[in-house]
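Working notes, beginning with the structure itself.
Residue numbers (the numbering used here), protein chains in the order written: chain A, 1 to 278; chain B, 1001 to 1308; chain C, 2001 to 2377.
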């Protein structure tokens, strides 16, 4: 757009930021609530700004609840899933993009299709499978389950990134004496590094936030991740401990916040590359 | 996409270089295929298989019933109600997502202060966990301590706190609005990426031709957005349709079953009614609805949702 | 024979034959251009030589060894790509060192070899830069360096100069010729620019639609084009071609083009067929057209002064012919002149088949060795 008068810019700024702040408000409210002392929480009418700030809810959360254990579980599950999905996805995407063998096109279509399957269809048989294999109620079962929906999307993303790199670099590497895998590691991988980070970020967040599979596949504290753990922990009691819930919410959102501060561009790049731009 | 430059249509000789490359390619995708078969293909087939049984969930014991489950499903009022509820929820939240998404993208494409910060912040609802989102909203919509009711009471709009999630039509409205809040950033990002590639000369030409703000939007922006929107609508419809977490945690399907969508019904059948066979049947039913939609949608729109 | 041997090479993409039955013998140390318009199969052939594409049938041998099933890295070749294909995340030095790394050359030796090449190509000040900070010409030299450091038997070059501006291109042409003279290795060079091919090659393989049209020295393809396509493709300005008939008479031949009749000695054409009349196409190069006191009447249609000469379009008997005339010929459009052809240099082609009919024999495929022995190299 051509530079218009300052007035138009100011109006646009005000309107846009109103929308942004309205969208973000619930998250702000979450943070504010979590640092209000218990008494201020339940005033009628509710006050907006805290008169005093406290970290007592956080302390309560970390010391007297299994929150930290759940946090650890989520960390392990999300990281393992991300690692597994990246390895499989990178190699698989390379295969789909740069090789030719019978059935390749059909595979690509299949990947697309599975991306759209409702988890509700798959979760029950998955549960039975886990029981049969003997990994029901373990972290491993969740890693396997999360791979179900993360891998298709990762393949889609990585394929798009890889297709965007010029082929002649690999040809040059082949002529220079590299094997096909050697060319891949030396030349292709460094180029799609931003794409890999995008995929990793996406996969991690999705795994971190997953609720439904955790709900069905795990019902023991030995493997519960944060999502089901928090819901379970605090709503089973007679009184809903809103203060703890808000503190837990803030802490649950920490990885997302961290990623946003440092890796935000990778998230948006993932969207653009996944072809949704049409 | 890439052409198959490292292959030839006439069959390769055994042990030829071409054959070697093809084998390597297959090797690289083999682990992925293995995973797919185990955690997607096998469960899918099992789901179909399960739907032919009547199974008691806690013991996983069951007996063959053939197509009985399907017959019951088609005759079940609860199934059709859930389907209808699902459609209402999907249409409602989808339209809001698209309208707010496109509108916000247009705003974020303007020259505003701290634009990149605004663009980052708008993504938060999408990437925050559904659990967190639900907790926050339930806190805000709380009838006694919630800030929403307080604001409304203060403004004099109502004189009694509103029960947002416990009665109809509030419950459906609430989940539609919260769903829109949670997922509209997806539309924003995709549309914004496309908006940034529209050449400004198109707008300039339209202005010279006398088009006003609305005219420029209608005649320049929208046609350019058509392709993105086709893909967005497809993806979001499917994802909204199969949404479980948000509705389950906000209303649990209630009051009674008025916000019970198909995914919730499946869950209830499996773990509430302990009838895993029936649950599987309903899940297959849901899959068929989605497939039908996809086929109809794609044939009407005239192109597949191919990745770039 | 150590060199490149291509036998009955075919490449099909679906139902399209990109390369048809190609037979080519390239001697060791020879500079051969694969020349032709886009889509003629020259790049496909080069890629098959490199091992980046697979033949549908036929064999490729390098140094008497069939290489069809060898991966590119084992064929003892190096390739310079049109886009240079420099590794963007590596510095110039790392780019050039890469082939040696892949071969397992120890670090110290690597450094020495890389610096040798760097000095040869005058890249000393650029060794630590990444490709995106280099100009086109610099990138091209790095690509050359990466190829040189391998000390291969064969160099393959895929239109390496086409991304450079005209002046730089001329300069790099000279450098490449000099390089070839210095290292004396076989070079196969793909180009669509006939001037490049003519100035650089020992021999040129002219291709069209996947078929080899002629394989000969620059002099061969210029003076004795094997068919109409080669005649038209080689030479700037293009040869003027007329359609007409050739009549065999008692002691001479007469070529009739429109209302123009040209008398030719009987030996001019190697006569085919039993009849006394042949349908032909007659070609005359611009430099074989001259103005004089006598000759056929013609009018000047258009004059294009290029500085060192005039390219003039003349209308003669209702047909247009291109002539190359001296710069000081003062001519104006519409002027009446008298035109003659150097009849000994006229090219006669069969009208339907397009093949050359001149009596000085079919276009000779001179061998590289014989050229060397004559000292004509």
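Every residue gets a Cβ at the ideal spot worked out from N, C-alpha and C, and that includes glycine.
Under the three-state reduction of DSSP, which class applies to residue i: helix, strand or coil?
| i | result |
| --- | --- |
| residue 36/A | coil |
| residue 2074/C | helix |
| residue 2190/C | strand |
| residue 2357/C | coil |
| residue 172/A | helix |
| residue 2333/C | coil |
| residue 2008/C | strand |
| residue 1160/B | coil |
| residue 7/A | helix |
| residue 2119/C | helix |
| residue 1201/B | helix |
| residue 2214/C | strand |
| residue 186/A | helix |
| residue 2328/C | coil |
| residue 2265/C | strand |
| residue 2053/C | coil |
List, in order along the chain, the chain B residues whose C-beta lies closer than 9 Å to that of residue i?
| i | result |
| --- | --- |
| residue 182/A | Within chain B, no residue comes near residue 182/A; the closest Cβ sits about 12 Å away, beyond 9 Å. |
Name, please, each residue of chain A whose Cβ falls closer than 9 Å to the Cβ of residue i.
| i | result |
| --- | --- |
| residue 2198/C | None at all; the shortest Cβ gap to chain A is about 27 Å. |
| residue 1181/B | 23, 26 |
Can you pull the chain B residues whose beta carbon is under 7 Å from the beta carbon of residue i, in chain order?
| i | result |
| --- | --- |
| residue 19/A | 1104, 1107 |
| residue 242/A | 1139 |
For residue i, go through chain A and note every residue whose CB falls closer than 8 Å to its CB, in chain order.
| i | result |
| --- | --- |
| residue 2089/C | 190, 191 |
| residue 1042/B | 125, 129 |
| residue 2079/C | 171, 172, 175 |
| residue 1242/B | 118, 119, 120 |
| residue 2381/C | Since the first residue shown for chain C is 2001 and the last is 2377, residue 2381/C is missing from the structure and cannot be characterised. |
| residue 1112/B | 9, 12, 13, 16, 17 |
| residue 957/B | Because chain B in this structure spans residues 1001 to 1308, residue 957/B falls outside the shown range and cannot be described. |
| residue 2085/C | 166, 168, 169, 171, 172 |
| residue 1136/B | 26, 27, 29, 30, 246, 249 |
Please decide whether residue i counts as near chain F, where near means a Cβ-Cβ distance under 8 Å.
| i | result |
| --- | --- |
| residue 1049/B | The structure shown contains no chain F; the protein chains it does contain are A, B and C. |
Going along chain C, which residues have a C-beta under 9 Å from residue i?
| i | result |
| --- | --- |
| residue 195/A | Within 9 Å Cβ-Cβ: nothing; residue 195/A doesn't reach chain C, min ~14 Å. |
Please list, in chain order, the chain C residues whose beta carbon lies closer than 7 Å to that of residue i.
| i | result |
| --- | --- |
| residue 178/A | 2073, 2102 |
| residue 187/A | 2087 |
Grab the span of the alpha helix (DSSP H) containing residue i for me, first residue to last.
| i | result |
| --- | --- |
| residue 92/A | 67-98 |
| residue 2295/C | Looking at the DSSP string, residue 2295/C is not in any alpha helix (DSSP H); the run it does join, the beta strand (DSSP E), is 2289-2305. |
| residue 57/A | 56-64 |
| residue 2183/C | 2166-2183 |
| residue 1126/B | 1124-1127 |
| residue 161/A | 139-163 |
| residue 1048/B | 1042-1050 |
| residue 1240/B | 1222-1241 |
Thinking C-alpha only, which one of the options is nearest residue i?
| i | options | result |
| --- | --- | --- |
| residue 101/A | 1025/B, 1278/B, 1178/B | 1025/B |
| residue 2316/C | 2201/C, 2337/C, 2045/C, 2062/C | 2337/C |
| residue 208/A | 265/A, 197/A, 224/A | 224/A |
| residue 1016/B | 2033/C, 2051/C, 2093/C | 2051/C |
| residue 1227/B | 1260/B, 1104/B, 1049/B, 1190/B | 1190/B |
| residue 20/A | 1204/B, 1052/B, 1112/B | 1112/B |
| residue 2127/C | 2163/C, 2340/C, 2090/C | 2090/C |
| residue 188/A | 166/A, 177/A, 198/A | 166/A |
Considering residue i, what are the terminal residues of the beta strand (DSSP E) in which it resides?
| i | result |
| --- | --- |
| residue 2033/C | 2031-2035 |
| residue 1170/B | First-last for residue 1170/B: 1170-1195, but that is the alpha helix (DSSP H), not the beta strand (DSSP E). |
| residue 178/A | Looking at the DSSP string, residue 178/A is not in any beta strand (DSSP E), and its letter there is neither H nor E. |
| residue 2348/C | 2347-2350 |
| residue 2020/C | 2016-2027 |
| residue 2310/C | 2309-2316 |
| residue 2058/C | 2057-2062 |
| residue 1056/B | 1053-1056 |
Along chain A, which residues have their Cβ under 7 Å away from the Cβ of residue i?
| i | result |
| --- | --- |
| residue 1124/B | 24, 27 |
Give me the subset of the stretch 1018-1033 of chain B whose CB atoms are less than 7 Å from a CB atom of chain C, sorted by chain position. 1018
What are the residues of the stretch 19-40 of chain A that lie near chain B, defined by any Cβ-Cβ distance shorter than 8 Å? 19, 20, 23, 24, 26, 27, 29, 30, 33
Mind checking the stretch 2042-2069 of chain C against chain B and listing, in chain order, the residues whose C-beta falls within less than 9 Å of any C-beta there? Taking 9 Å as the Cβ-Cβ cut-off, the stretch 2042-2069 of chain C approaches chain B at 2047, 2051, 2052, 2053, 2054, 2055, 2056, 2057, 2068, 2069, given in chain order.
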